[in-house]
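Engineer:
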Ligand code: ADP
Ligand code: MG
Ligand code: ZN
């Protein structure tokens, strides 16, 4: 069978897209296949063409009625014989579809997964075996995926009945762990794995550490150059999206876009952006679904996104025209804390779910009396119900009444969901904090190991000299000397925790200066850094970086040129100078004017420092220097990770004093912006 002619004759496409042909051939030959390609890459063809080539009827399982209708419509339009069975259709239609299926009159039968639970339905399908089975959006089967669908879980039970047809599972978002889960749950037999198309060749990715208050100014300066527009800026909350849009609109036509706006306003913004009346849209995650604007030059994230998957989707909107474009992620340690807060809000403890599950009955009941009876906040109650629903343990009707679901085995599923969400956060934090080729890291995230082995040559790691968001410069003689010291210390040890290396290399007291050198060495390929963590005596998980010397790093002589580039702190590239309490020579080079509440915090910190020092029988500066104390006042860290971003605070100080310092800062109540609307965008 000549697949290329079939492609033209039946589907009207002139040629295969990258990778489609190989996948089609495998499926046509009867192999099981797992296909992972980004949205829009053309996965559907990879089951549709082989289905026509093999003859008989292809059975397609799809989780959404809209997806099913869309595909069925397209195939019908190409003159193929198609039927659907889902809850949106009449009983007569379903019956007719079954008859046509059994008569062998169909080339494609689309079914919703829950159909397989209908008694007798799988047996009916088995009376005439399909020639191919396609599972679309296959990540829904996995509790590790973000769209877990309880109805997908039982798919694997029915498939043996329908064999020996080959099975092709298709998805856009599967990470390696989800991929394994799909293969296992569907019982794919020696599947061919095709994981392709995640690498983008025209996208220069930069990741810049920048404190929250500096980000708006950065965006304004960066987008001032016309060549950087049109642009999408992703902001973490509606409030921030509004504020930044107003600020940018002074410079160039800009509007906000988020779910808090009326549908009409949103449509107008989207149309204006598409027709280039707007240069920039400052959006929350709600923007960009189905946005097809080819010439977007820049995508900026002003905060750490919730997952690598979401981030990848969002930066993927840049440069669809194939021309050079840029994605910039602004983040700092504090972003992690914000996500941790959301996690706590969005994932109520198991006990809450338990209490709610216990009052649900088989009859629908209005929610209000239930939460009153449980003495639970409506928000918590609703979250708990939402989570139970996603596990099939509760159901909502149209008017918000709730009843028990078909299963009460939700606990392990919910735990998996929580673990998955945590892992997602960990992954995006690691992505942002690890110096590495950004594109390779993304491609690897989606499981394309082969594709990940080639550096992209254009990200801030591969090509710092070409970076736009952050200027890089040759090290000064002093920095060169310190780089040499770090390498020499590592040579004696091979692998070290960054904190220990900092102490032993003795390149000064400033931890951030050291980290900057370390990142420079990593960019030059002389060391590699990995994120590790340990649980401290307080039971708190503390992240740290481990440093390994590479073969290249071992070979360079400290005297020779190292090829290291360091971020230029001068801010020549439009990056605002980081606000630091201690800059210049002495701590007093910059005299900071404290606000009243800051002065209050300062005096409390001093009091505490004195007590600590007295207890240890040491002078006060042994606990914290004045410079660090002032930096603490300015940063007012409320959590350990946040504390670690303060200049002069390393893991040792954080461990010893962290709890006390953060408690004082929390009592002060400073520096806590409200982010309550963030993920409800
Ligand atoms: P995915 O499921 O991967 O998100 P689709 O299968 O829906 O993507 O395909 C996206 C679009 O690409 C569809 O409009 C489809 O018709 C089109 N397409 C797929 N393959 C080809 C091809 N070989 N040539 C041209 N267009 C194609
Ligand atoms: Mg699809
Ligand atoms: Zn790169």
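In the working numbering, the protein residues as written are 3 to 683.
C-beta: ideal position from N, C-alpha, C; glycine also.
1) Out of curiosity, what's the CA-to-CA distance linking residue 424 and residue 20?
2) Would you mind reading off the limits of the beta strand (DSSP E) that contains residue 498?
3) Measuring straight from C-alpha to C-alpha, what distance separates residue 165 and residue 309?
4) By Cβ distance, which residues of its chain are closer than 6 Å to residue 611, with the 5 residues on each side in sequence left out?
5) Specify the secondary structure class of residue 182 as computed by DSSP and reduced to three states.
6) Pairs of beta-carbons, one from the segment 295–314 and one from the segment 427–439, closer than 8 Å: are there three or more?
7) May I have the straight-line CA-CA distance separating residue 351 from residue 218, to the nearest angstrom?
8) Buried or exposed for residue 314, going by 16 or more other Cβ atoms inside 10 Å?
9) For residue 300, report the span of its beta strand (DSSP E) as first-last.
10) Return the chain-ordered list of same chain residues with a C-beta closer than 8 Å to the C-beta of residue 285, the five sequence neighbours on each side being excluded.
11) Taking C-beta to C-beta, are residue 546 and residue 653 nearer than 7 Å?
12) Return the CA-CA distance between residue 200 and residue 306, expressed in angstroms with no decimal places.
13) When you compare each of 337, 303, 183 and 570 to residue 521 by their alpha carbons, which one comes out closest?
14) Identify whether residue 667 lies in helix, strand or coil by the three-state DSSP scheme.
15) Jot down the residue ranges of each uninterrupted alpha helix (DSSP H) in the segment 11–64, minimum 4 residues, whole runs only, in chain order.
16) Quick check: is any heavy atom of the ligand MG less than 6 Å from the C-beta of residue 76?
17) Would you check if the distance between the CB atom of residue 725 and the CB atom of residue 79 is smaller than 7 Å?
18) Could you give the C-beta distance for residue 135 and residue 113, rounded to a whole number, given that I count them as a contact under 8 Å?
19) Please confirm whether residue 211 and residue 334 have their CB atoms less than 7 Å apart.
20) Report yes or no: do three or more beta-carbon pairs, one from the segment 318–331 and one from the segment 250–257, lie closer than 8 Å?
21) Take the Cβ of residue 371 as the centre, count every other Cβ of all protein chains shown within 10 Å, and call the residue buried at 16 or more, exposed below.
22) Mapping DSSP to helix, strand and coil, what is residue 651?
23) Any idea if residue 483 is buried or exposed, counting beta-carbon neighbours within 10 angstroms, 16 or more meaning buried?
24) Rank 530, 620 and 84 by C-alpha distance to the C-alpha of residue 553 and give the top, closest one.
25) Secondary structure at residue 333, three-state DSSP: helix, strand or coil?
26) Could you give the uninterrupted runs of the alpha helix (DSSP H) lying entirely in the segment 257–286, keeping only those of 4 residues or more?
27) Return the bridge partner residues of residue 85 from the DSSP annotation.
28) In angstroms, rounded to a whole number, what distance separates the CA positions of residue 715 and residue 139?
29) Less than 6 Å between the CB of residue 80 and some heavy atom of the ligand MG, yes or no?
30) Compute the Euclidean distance between the alpha carbons of residue 64 and residue 442, then round it to the nearest angstrom.
31) Quick one: grab the DSSP three-state call for residue 326.
32) Suppose the cutoff is 8 Å on Cβ atoms and the five residues either side in sequence are ignored; what does the same chain contact list for residue 544 look like?
33) Can you tell me where the beta strand (DSSP E) with residue 548 in it begins and where it stops?
34) Using only the alpha-carbon positions, how far apart do residue 35 and residue 68 sit?
35) Counting only runs of 4+ residues fully inside the segment 460–489, write out the alpha helix (DSSP H) ranges in chain order.
36) Taking 6 Å as the cut-off, is the CB of residue 461 close to at least one heavy atom of the ligand ZN?
Structural biologist: Once the coordinates are examined:
1) Roughly 34 Å between the two C-alpha positions.
2) The continuous beta strand (DSSP E) containing residue 498 extends over residues 497–499.
3) One C-alpha to the other measures close to 37 Å.
4) Answer for residue 611: 622, 625 and 626, listed in chain order.
5) Of the three classes helix, strand and coil, the one that applies to residue 182 here is helix, per DSSP.
6) Taking 8 Å as the limit for Cβ pairs, the verdict is that the segment 427–439 does touch the segment 295–314.
7) One C-alpha to the other measures close to 36 Å.
8) The residue is buried, with at least 16 neighbouring Cβ atoms inside 10 Å.
9) Judged by DSSP secondary structure, residue 300 falls within the beta strand (DSSP E) whose first and last residues are 300–303.
10) The beta carbon of residue 285 is closer than 8 Å to those of 234, 235, 236, 237, 243, 258, 259 and 260 in its chain, skipping five residues each way along the sequence.
11) Yes, Cβ-Cβ distance for residue 546 and residue 653 is below 7 Å.
12) Straight-line spacing of the CA atoms in residue 200 and residue 306 works out to 21 Å.
13) The residue with the shortest Cα to Cα distance from residue 521 is 570.
14) Look at residue 667 here: in three-state DSSP terms it is helix.
15) With a minimum length of 4 residues, the unbroken runs of alpha helix (DSSP H) contained wholly in the segment 11–64 fall at 22–30 and 47–56.
16) Residue 76 Cβ: outside cutoff for every heavy atom of the ligand MG.
17) Nothing can be reported for residue 725, as the shown portion of the chain is limited to 3 through 683.
18) Incorrect: roughly 10 Å between the Cβ atoms, too far for contact.
19) Against a cut-off of 7 Å, the Cβ pair of residue 334 and residue 211 comes out as a contact.
20) The segment 318–331 vs the segment 250–257: no contact.
21) The residue is exposed, with fewer than 16 neighbouring Cβ atoms inside 10 Å.
22) The three-state secondary structure of residue 651, taken from DSSP, is coil.
23) Residue environment analysis places residue 483 among the exposed positions, since fewer than 16 neighbouring C-beta atoms fall within 10 angstroms of its C-beta.
24) It is 530.
25) Residue state, collapsed to three classes: strand.
26) Counting only unbroken stretches of 4 or more residues, the alpha helix (DSSP H) elements lying wholly within the segment 257–286 are 265–276, in sequence order.
27) In the DSSP output, where bridge partners are listed per residue, residue 85 has 111.
28) Nothing about residue 715 can be reported from this structure: the residues present for the chain run from 3 to 683 only.
29) Distance from the C-beta of residue 80 to the nearest heavy atom of the ligand MG is not below 6 Å.
30) Those two C-alpha atoms are separated by around 31 Å.
31) In the structure shown, residue 326 sits in coil (DSSP, three-state: anything other than H, G, I, E or B).
32) Excluding sequence neighbours, residue 544 sits near 535, 536, 537, 538, 642, 653, 656 and 657.
33) Segment 543–551, the beta strand (DSSP E) holding residue 548.
34) If you take the alpha carbons of residue 35 and residue 68, they lie about 24 Å apart.
35) Listed in chain order, nothing qualifies, since the segment 460–489 has no complete alpha helix (DSSP H) run of 4 or more residues.
36) Correct: residue 461 has its Cβ closer than 6 Å to the ligand ZN.
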